[in-house]
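Undergrad: Numbering (this note's numbering), first residue to last: 3 to 93.
Every residue gets a Cβ at the ideal spot worked out from N, C-alpha and C, and that includes glycine.
Just dropping this structure here.
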């Protein structure tokens with residue numbers, strides 16, 4: 003199906019960050035991220051945190067740009083979304 007990336011708008015560590023997700027499977031997401039040099043440590047339960055400067059390269063490689071709301075909708079619809087309350091339990 004699709005690998006999706008939203009706008010970099012999440013500040014951390016002196017940079018802005020975006021989210022990279024799959025609306026199909028985590029296998030698809032991990033394969034895409036690995037092929038683009040995104041380190042495994044950037045994975046957070048259902049998405050990768052990616053720095054703003056990586057977004058153009060990810061889009062050129064085939065990631066579909068969507069809004070944050072659309073990314074969340076499609077992640078929920080895929081069944082891959084880890085809700086915030088469940089995320090806390092997994093720590």
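With distances taken from CA atoms, which of 68, 84, 78 and 35 is nearest residue 10?
TA: Selected option, being the one with the closest Cα: 68.
Undergrad: To the nearest angstrom, report how far apart residue 44 and residue 79 are at their CA atoms.
TA: The straight-line gap from Cα to Cα measures roughly 23 angstroms.
Undergrad: Kindly indicate which three-state DSSP category residue 58 falls into: helix, strand or coil?
TA: Residue 58 falls in the helix class under three-state DSSP.
Undergrad: What does residue 68 pair with, by DSSP beta-bridge criteria?
TA: For residue 68, which the question treats as bridged, DSSP gives no partner whatsoever.
Undergrad: What are the residues that DSSP puts in a beta bridge with residue 20?
TA: Looking at the DSSP assignment, residue 20 forms a beta bridge with 52.
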